[in-house]
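Quick notes on the structure that follows.
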Amino acid sequence: MTAQRLAASPEVSGDGVRTNGINRVLTLHRVLVTHNLRARYKETLLGLAWTLIGPLLMAGVLIFLVQNMMGGNTRRFSSYVYIGVLVYSWFRGALSQGTRSIVGSRMLARRPGFPPEVLPLVAVTNNFVDFLLSLPVLA
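The opening position of the sequence shown corresponds to residue -4 in my numbering, with each subsequent residue numbered one higher.
Encoded structure:
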């Protein structure tokens, strides 16, 4: 079911049973997150590898600067830096995309019955999925 249909549909399921509003919002949230993730990585050359490449490059630069230029020598420093970069990237992405999400999807947010508070949650969830996909590098 698309987000437009879900937003416009009444709170009645296919069985004719009245569903809870939270179930509709959660389903809408899942549909939007899935759609955004597919759209984000569909046309890229490396696909999901970009979720690993960006934080690895940023962490590599920070590790090089601190260890080689400043003479820092800490055990497992690269792991600390990578975790910090991942958390920073999640926070930065969620905050910037979340603040622009309602304005960027104004046609969807203006629909009657559409809960606009779902849009920032979708941005936070998308960035959290990227965060989770980048964690296996630490293993």
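We put the CB at the ideal spot given by N, CA and C, even for glycine.
For Met53, the uninterrupted alpha helix (DSSP H) segment begins and ends at Trp45 to Phe59. Segment contact: the segment 81 to 96 against the segment 56 to 63, fewer than three CB-CB distances shorter than 8 Å; contact not assigned. Under the three-state reduction of DSSP output, Ser96 falls in the helix class. Taking the C-beta atoms as reference points, Ala104 is found no nearer than 8 Å to Tyr77. For Phe123, the uninterrupted alpha helix (DSSP H) segment begins and ends at Val113 to Ser129. Assigned with DSSP and collapsed to three states, Phe109 falls in coil, not helix or strand. By the CB criterion at 8 Å, Tyr36 and Leu43 fall inside the cutoff. In the three-state scheme derived from DSSP, where H, G and I count as helix and E and B as strand, Arg35 is classed as helix.
A distance below 8 Å separates the beta carbons of Pro50 and Leu81. Secondary structure note for Arg101: its alpha helix (DSSP H) is the uninterrupted segment Arg101 to Ala104. Ranked by how close their Cα comes to the Cα of His24, the residues Asn121, Val113 and Ala134 have Val113 in first place.
Within 10 angstroms of the beta-carbon of Asn68 lie fewer than 16 other beta-carbons, which makes it exposed.
Between Val20 and Pro110 a beta carbon distance of about 6 Å is seen, short of the 8 Å cut, so the two are scored as contacting. By the 16-neighbour rule on beta-carbons within 10 angstroms, Val98 is exposed.
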